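Residue numbers (our numbering): 120 to 430.
A short write-up of the structure that comes next.
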Amino acid sequence: MARTTPLAEQIALFEAHLTGERRASPKTVETYLRDLHAFEAFLAQENLPADARRTTVPVLRAFLASLFDHNQSATIARKVAALRAFYKFLLRRKLTTKNPADGLRSPKLIRPLPGFLTVDDAFRVIEAPGEDAARDPELRLRDQAMLELLYGTGIRVSELAGLTLERIDRAEGTIRVFGKGAKERVVPLGGKAKEALEAYLEIRPHMLARTKASPPPEAVFLGRRGTSLTPRQTQNIVRRYGALGAGRGDLHPHSLRHSCATHLLDAGADLRAIQELLGHASLSTTQRYTHVSIDRLMEVYDRAHPLAKKS
């Protein structure tokens, strides 16, 4: 039987902290553990002490350097974040007296600008279900409501799939969504989104009648058999209408979210208001949309302004 190392015990304590005290999501725990076990494997390969208390900054840097040939910057940055969180935990618990992870620098990330649709293409996609003769009428109403909410409110696909009936305030014309970190926010519905949602809710009982689940699902959006619609199924629906409406068979629900933000910004909406609407924790995330708009402005300028034209 293999001997348990001090590092393995330290990682096990960190796992218990994540699941018990922090109540981190299973995906977060899995990611942290995978990164820490990769570090553990590196130490074993290099015959270095498997003990966080004996690890130095050069050892951590050597571990990160070993990743550069086969990993993207985002993956390495994530591993740096895992090591920092791990050592902060050990320090708080007084399981170590030093934090070598403080000496690490994350690689610079090149963040691509979000993809989005033009206003005309967005309208074509949103209106596509009404022209989808091959689709069941009830599914068309459902799909119309989903697209109106994704583009009209900018909610994430996971937030749409997690939307339940009790989170809809039909009188106020708002929905309550739970975003990243289980943070709740109230999102207003535009006239078109509210109208499409009301039309779908009228026929939802017919779809619910097909379910064999007990108790029946509270999810707003249901599949053919009356079961809750998954994010993957939602992605497929968006791709269907991306192809039908705008010739974009690769269209992702997140592109509708990006389109919502970009079009609001272009129309003069306040950046802080867009941040609140999208549920961004940091304004810097929302500010990425200003880059999109500036790029579009420069494109129009280069194409139209007399001084920009080459002689």
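We put the beta carbon where it would ideally sit given N, CA and C, even for glycine.
These figures come from a predicted structure and were not determined experimentally.
- Message: For residue 183, which residues in the same chain have their Cβ closer than 8 Å to its Cβ, ignoring the five residues on either side in sequence?
- Response: 195, 198, 199 and 223
- Query: Mind pulling the alpha helix (DSSP H) runs of 4 or more residues that sit fully within the stretch 216–262?
  - Reply: 238–246
- Query: So what does DSSP say about residue 393, is it helix, strand or coil?
  - Reply: helix
- Message: For residue 350, list the residues DSSP reports as bridge partners.
- Response: Per DSSP, none; premise fails for residue 350.
- Enumerate in chain order the residues of its own chain whose CB-to-CB distance from residue 354 is below 7 Å, with the five nearest sequence positions on each side excluded. 276, 371 and 372
- Message: If distances are taken between C-alpha atoms only, which option among 147, 148, 344 and 219 comes closest to residue 172?
- Response: 219
- Item | Neighbourhood of residue 352 by C-beta, 7 Å cutoff - its chain only, sequence neighbours within 5 removed | 342
- Task: Could you tell me the boundaries of the alpha helix (DSSP H) in which residue 303 lies?
- Result: Unbroken run through residue 303 is the beta strand (DSSP E), 303–307; no alpha helix (DSSP H).
- the stretch 260–280 contacting the stretch 319–336, beta-carbon criterion three pairs below 8 Å: yes
- Query: Any C-beta of chain D sitting closer than 9 Å to the C-beta of residue 341?
  - Reply: Absent from the structure is chain D; it holds one protein chain and no more.
- Item | Inter-residue Cα distance where the pair is residue 215 and residue 304 | 39 Å
- Query: Skipping 5 residues on each side, what residues in its chain have a beta carbon closer than 7 Å to that of residue 306?
  - Reply: 272, 274, 293, 294, 296 and 396
- Given a cut-off of 9 Å, decide if residue 349 and residue 330 are closer than it, judged by their beta-carbon atoms. no
- Looking only at its own chain, which residues have a Cβ that is under 7 Å from the Cβ of residue 309, when we skip the five neighbours before and after it? 271
- Might you give, ordered along the chain, the residues of its own chain that have their beta carbon closer than 7 Å to the beta carbon of residue 367, omitting 5 neighbours on each side? 361
- Query: So, using beta-carbon positions, are residue 169 and residue 226 closer together than 9 Å?
  - Reply: no
- Message: Counting C-beta neighbours from all protein chains within 10 Å, is the total for residue 316 16 or more, i.e. buried, or is it exposed?
- Response: buried
- Query: What is the DSSP secondary structure of residue 195, counted as helix, strand or coil?
  - Reply: helix
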